[in-house]
């Protein structure tokens, strides 16, 4: 019977102080109703606002999506429904650096990962600017139109993000559509250009690939671009600079949401 | 018209000193016969043994595979046919760290990348040890049975490599079969366990994931295991330690074969 730790993160000290004293019982009951057994109902960390961990175990037959549908009060996060947006010509490591960390996270925490694309056809990393470029093709799990509800959206960069084709336009539209319901948006490298074009970075601090700086920043004239940063967080938006910085921002995000211990454990495993 | 640099690498100073003085003309002619134009016939580096670069350009219609079929004399490498071996439960970053570097390499150098698996069904990174694990599925380009001739084979690690199922057995057999014709074998993390089980590491220095050290090294009792190393090269075999060390070994290999300048340029782009 697989055992998981569901992490409850309070957005602020205020949210924690105001939190429903019945939250523990509420979650225990909700997980039980989904078919999971609560092993350790409540463990708190010393971070501020505190983070609560509930250890649960579930039969293999309990779909992990069910656990993700447990409702939590306002100001409390139980972020487990993660999606990654793919488009032709995304950069392999932009996506698979964070995905590797999230895959390992899923061994101990009830997270789901959806792979979203314009259609269900495999999406290639092949550079659209180089006719003979090598590439790998990844199979989506959902189309943009059939995307499940998401807590987190991850947007990789790549030469394909610079185009103006229908798949890029659809990707930008998806970001615009789902952003209001997201708890976190994470972009890697030139992935921030798609978020900028969707308008969701307006008024926010953000960063991007330094090698494409003027091209990308011009796409977001109302964004407060930060030139010198490996990654930047502004509220619920996390943007990173070049390709491998996507691994750093993924760890920073995991640490923020699931705690330092979980982030450390995964980082040591990936070393 | 895309322009490439084909790098000719001599295995040893002896191979260079004995090399056919007609090699330059031979390659120029061979590339032309494949439909490519030789722009700069010969540029040598100061490394020892020297590396020669031929700048060629080819119409988009010239298949890159054709350029790879140019015959080179004994002791001379023109390594462009790269394959990666996938099996269910390979670790995402083990594969996509090196693949990202190779994708970028393919923008300027005529390399081909084949994705080999037991069948043409997409291969998932999903951990076989965790029922609810997240994973991504990659589309193979060839089966083990239909693998094209290869200069280089890349073997990622992952929890799936520890199994004894038919796909793992087939992967081990593939390594055993193709190793004699390879110019280089590169393994990442526990990928070395598959090479060890294929017997191709016998008598060689190699390394692997430190977290699975006793389990993996027991699979290769005749291997000279090196405990403290991010990566180890012994002749044409390159093995690396944990997941992200696969990126390091890929750069070390690119630097050795294509020169420091090319490796640096790709590393800066991926930063």
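Protein chains in written order, with my numbering: chain G, 1014 to 1284; chain R, 1014 to 1284.
The beta carbon of each residue, even a glycine, is placed where N, CA and C say it ideally should be.
The model shown is predicted, which means the values in this text are computed figures rather than measured ones.
Determine the direct distance from the alpha carbon of residue 1119 of chain G to that of residue 1220 of chain R, and round the result to whole angstroms. 28 Å
Please report the Cβ distance between residue 1130 of chain R and residue 1136 of chain R, rounded to the nearest whole angstrom; I am assuming they are in contact, meaning their Cβ atoms lie under 8 Å. 5 Å
Taking C-beta to C-beta, are residue 1114 of chain G and residue 1264 of chain G nearer than 8 Å? yes
Could you tell me whether the segment 1144-1162 of chain R touches the segment 1170-1182 of chain G, where touching means 3 or more Cβ pairs closer than 8 Å? no
Taking residue 1044 of chain G as the query, report the chain R residues whose CB atoms sit under 8 Å from its CB, ordered along the chain. Those within 8 Å of residue 1044 of chain G in chain R number zero; the least Cβ separation is about 14 Å.
Contact defined as beta carbons within less than 8 Å: I believe residue 1192 of chain G pairs with residue 1213 of chain G. What is the distance between those atoms, to the nearest angstrom? 5 Å
In terms of alpha-carbon separation, which member of R:1112, R:1038 and R:1244 lies closest to residue 1223 of chain R? R:1244
N-terminal and C-terminal residue of the alpha helix (DSSP H) that residue 1183 of chain R is part of: 1179-1191
Whole angstroms is fine: what's the gap from residue 1061 of chain G's alpha carbon to residue 1027 of chain G's? 10 Å
Let me check understanding here. Comparing Cα to Cα, which of G:1122, G:1052 and G:1030 lies closest to residue 1087 of chain G? G:1030
Where the beta strand (DSSP E) containing residue 1096 of chain G begins and where it ends: 1094-1098
Nearest-angstrom Cα separation, counted from residue 1022 of chain R out to residue 1155 of chain G: 45 Å
Can you tell me where the beta strand (DSSP E) with residue 1054 of chain G in it begins and where it stops? 1049-1057
Mapping DSSP to helix, strand and coil, what is residue 1024 of chain G? coil
Reduced DSSP category for residue 1016 of chain G - H, G, I as helix; E, B as strand; rest coil: strand
I need the straight-line Cα distance from residue 1058 of chain G to residue 1195 of chain R, nearest angstrom please. 52 Å
For residue 1104 of chain R, decide whether its Cβ has a neighbour in chain A, counting only Cβ atoms nearer than 8 Å. Checking the listed chains, one finds no chain A in this structure; the protein chains it contains are G and R.
Take residue 1098 of chain G as the anchor and find which of G:1117, G:1065, G:1228 and G:1205 has the nearest alpha-carbon. G:1205
Buried versus exposed, by CB contacts within 10 Å (16 or more), residue 1235 of chain R: exposed
List the residues that DSSP assigns as beta-bridge partners of residue 1253 of chain R. R:1244
As an exercise, report each continuous beta strand (DSSP E) stretch of at least 3 residues that is fully enclosed by the segment 1193-1238 of chain G, in chain order. 1197-1200
Are any of the Cβ atoms in chain G nearer than 8 Å to that of residue 1146 of chain R? yes
In angstroms with no decimal places, state the Cα-to-Cα distance between residue 1047 of chain R and residue 1126 of chain R. 19 Å
Report all residues from its chain with a CB closer than 6 Å to the CB of residue 1079 of chain R; omit the five preceding and five following residues, and keep chain order. 1047
Listing by chain order, which chain G residues have their CB less than 7 Å from the CB of residue 1149 of chain R? 1112, 1128 and 1151
In the segment 1064-1082 of chain G, which residues sit with their C-beta less than 7 Å from some C-beta in chain R, listed in chain order? 1073 and 1077
Taking C-beta pairs closer than 8 Å, name the residues in chain R that residue 1282 of chain G reaches, listed in chain order. 1224, 1255 and 1256
How about residue 1165 of chain G: is its C-beta nearer than 8 Å to some C-beta of chain R? no
Is the separation between the beta-carbon of residue 1033 of chain G and that of residue 1039 of chain G shorter than 8 Å? yes
Kindly say whether residue 1238 of chain G, judged by its beta-carbon, lies nearer than 8 Å to any beta-carbon of chain R. no
By the DSSP assignment, the alpha helix (DSSP H) with residue 1275 of chain G in it spans what residues? 1273-1283
Have a look at the DSSP bridge pairing and note the partners of residue 1069 of chain G. G:1017 and G:1051
Buried or exposed, going by whether 16 or more other CB atoms sit within 10 Å of the CB of residue 1052 of chain R? exposed
Is the CB of residue 1169 of chain G under 8 Å away from at least one CB in chain R? no
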